[in-house]
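Numbering (this note's numbering), first residue to last: 16 to 397.
Have a look at the structure below, then the notes.
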DNA sequence: TCTGGGGTCCTAGGACCC
DNA sequence: TCTGGGGTCCTAGGACCC
């Protein structure tokens, strides 16, 4: 992959000057599908769908070749396959995406410390402090696209603008594989293209009635080019959870509890990795008719142990008193998070509790060294 | 159109306290 | 004890976002 190939990419579109546009919005193109194509280069240029192939499920990601058939993310798999029977289906491999996402973040941070990740494949960057070192925001945007492509073989789109809102519009407009700069003078003109001037002149109350208070006020402000939100480099996490839809509905309590244990283990491991503890434990259950319930328990002292979390989710489940009801999904989530460091340590850890902490820690270490499969609660080992 | 997974935010009722 | 008002926290569910 040469430098030239990137500069030759067809969709790059430049507008205006970037002297007052310091916000970059970066968005990978068809992220999951692009990651998969890295391992399956022979599929480049062909329609590829990432999603669960068995029956239920929706399209997680689709290549641009697949989109030509009208396939898009969130469409049901059955419909996608009907539209393009020849498409290659790849099962999503979330751990892989997580790893790529981490490496992408390293790239962002090599450009500026002010990074606000939005999702696995998207982020805002404030590059106002990077001009001296790395060049204009446009140049930084080019460097970013180049680095991502050379390192991960993924094309991405970058919007450069004075505010987050406009930067995001710009990156969407630049898709796929493009970079678009919107200078401040153009902001209102650009919004005018979407008839925002009409919105700006509309009485706010009318807008409120049409859209609801929050959205109306926000849009009204935006319509006047007012968007004072700055890039927040760090948003503390509010909850950590995992859920899983089974390929076949479960109705045996034993099987369901086994899944709940597995999810508790997963969530607890993530909590400890993030050095967080939580006080509210939520169990989510979806039945075969798609109706969904949640049950939660808030405790006084924060926890992060597999055994503690499982004890609570197990009790929540047993309280439902389900009698061979068909369950399609279970989820475990921990909320009211606190940093483990500052989390009330005065709670008297009995010796047995200490013992379990040691075991969890040892298990985390082994997982880090030998992979997730290395250490599992005994019930999970087949 | 028969519906994934990780999240956030909002609402509403109830318990409980002063 | 027949009953106000303000506030906080918890629980449950739903809308919505990427």
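Ideal Cβ positions, reconstructed from N, Cα and C, are used throughout, including at glycine.
Keep in mind it's a predicted model, so treat the numbers as computed, not measured.
When the five nearest sequence neighbours on each side are left out, the beta carbons in the same chain lying within less than 8 Å of the beta carbon of residue 88 are those of 73, 74, 75, 76 and 77, in order along the chain. Here residue 187 carries a helix assignment [DSSP, helix/strand/coil]. It is roughly 13 Å from the alpha-carbon of residue 48 to the alpha-carbon of residue 67. DSSP places residue 43 in the strand class (E or B) of the three-state scheme. Put simply, of 80, 104 and 79 the residue whose alpha carbon is nearest the alpha carbon of residue 91 is 104. Going by beta carbons, residue 313 and residue 279 fall outside the 8 Å limit.
Relative to the Cα of residue 110, the nearest Cα in the group 355, 135 and 84 belongs to 135. In this structure, the alpha-carbon of residue 53 lies about 42 Å from that of residue 340. A residue is called buried when at least 16 other Cβ atoms come within 10 angstroms of its Cβ; residue 305 does not meet this threshold and is exposed. Residue 92: member of the alpha helix (DSSP H) spanning 92-98, first to last residue. Our two residues, residue 319 and residue 272, have alpha carbons roughly 19 Å apart in a direct line. Counting only runs of at least 4 residues, the stretch 121-153 fully encloses the following alpha helix (DSSP H) elements, listed from N- to C-terminal order: 146-149. Here residue 308 is exposed, its C-beta having fewer than 16 other C-beta atoms within 10 Å. Between residue 114 and residue 64, the C-beta spacing is not below 8 Å. Comparing C-alpha distances from residue 183 to each of 347, 85 and 38 shows the shortest one belongs to 38. With contacts defined by Cβ atoms closer than 8 Å, residue 133 and residue 167 do not form a contacting pair.
Of the residues 112, 265 and 198, the one whose Cα lies closest to the Cα of residue 343 is 265. In the three-state reduction of the DSSP assignment, residue 269 falls in the helix class.
Apart from sequence neighbours up to five positions away, the residues of its chain that approach residue 330 with a beta-carbon distance below 8 Å are 312, ordered along the chain. Contact between residue 159 and residue 41 holds: CB atoms are separated by about 6 Å, below the 8 Å threshold.
Around the beta carbon of residue 377, fewer than 16 other beta carbons lie within 10 angstroms, which makes this residue exposed. Taking each of 101, 130 and 58 in turn and checking the Cα distance to residue 141, the smallest one comes out for 130. Put simply, of 122, 257, 201 and 338 the residue whose alpha carbon is nearest the alpha carbon of residue 269 is 338. Between residue 350 and residue 293, the gap from beta carbon to beta carbon is short of 8 Å.
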